[in-house]
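First up is the structure itself, then whatever we jot down about it.
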Amino acid sequence: MTDSAAEHVELERMVDAFFSAFTSGEGVGARLDVLRQLLIPQAVIVRTCGGEPAVYGVEDFIAPRQALLEGGTLTGFHEWALGGSTEVFGDIAHWWGSYAKEGVQDGVAFTGRGRKTIQFIRTTEGWRISAAAWDDERPGLTID
1 MTDSAAEHVE LERMVDAFFS AFTSGEGVGA RLDVLRQLLI PQAVIVRTCG
51 GEPAVYGVED FIAPRQALLE GGTLTGFHEW ALGGSTEVFG DIAHWWGSYA
101 KEGVQDGVAF TGRGRKTIQF IRTTEGWRIS AAAWDDERPG LTID
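Residue 1 is where the sequence shown starts when you use full-length UniProt numbering, and the numbers rise one by one after that.
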């Protein structure tokens, strides 16, 4: 298979769906169901953020975030890609980019930025996410 503009568009839409899944307010369940469909069942998601990496399976990753997004203590929250690049080789692909997030947690507004990597594989059902990992800005680690 060749690397095509259509593949890049499809993969970028998947990246956008990944980020938009983490938006508080109405429709959380539906957005997270879309995310479940985009991930292979064995996908691995890793949060680093300066501590011991936290490694999640699909439901271990989604369930607590769904509870937080629907629980009422986190409002006005959303994440979005600031920019990134996608590379495709045969049946594998990779997105590397930066992102931002903002919201209100327990009445306190916050913002943040970080970098995320998302890996894709081509399956018989089409492109799916096989892994994702991220790290957030903190003292001594900033996005230039």
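Glycine included, each C-beta is placed from N, C-alpha and C at the ideal position.
None of the values given here were measured: they were computed from a predicted structure.
- Per the coordinates, the alpha-carbon of F110 lies some 16 angstroms from the alpha-carbon of P139.
- The beta carbons of L141 and Q105 sit no closer together than 9 angstroms.
- By the 16-neighbour rule on beta-carbons within 10 angstroms, Q66 is buried.
- By the Cβ-count criterion, I92 is exposed, with fewer than 16 other Cβ atoms from all chains shown falling within 10 Å of its own Cβ.
- Runs of alpha helix (DSSP H) with 4 or more residues, each lying fully within the stretch 49 to 88, are found at 58 to 70, listed in chain order.
- Collapsing the DSSP output to three states places G90 in coil.
- Taking the Cα of R115 as reference, the smallest distance to any Cα among G126, T123 and K101 is reached at K101.
- Assignment of F18 by DSSP, reduced to helix, strand and coil, places it in the helix class.
- Taken atom to atom, the span from the alpha-carbon of F19 to that of A132 is near 11 angstroms.
- Distance from the CA of I40 to the CA of G107, rounded to the nearest whole angstrom, comes to 36 angstroms.
- By the neighbour-count criterion, in which 16 or more other beta carbons inside 10 Å mark a residue as buried, V28 falls on the buried side.
- Inter-residue distance for G84 and D135 is about 15 angstroms (C-alpha atoms, whole angstroms).
- Of the candidates L38, A21, P53 and G25, the residue whose Cα lies closest to the Cα of R122 is L38.
- At a Cβ-Cβ threshold of 9 angstroms, V34 and A21 count as neighbours.
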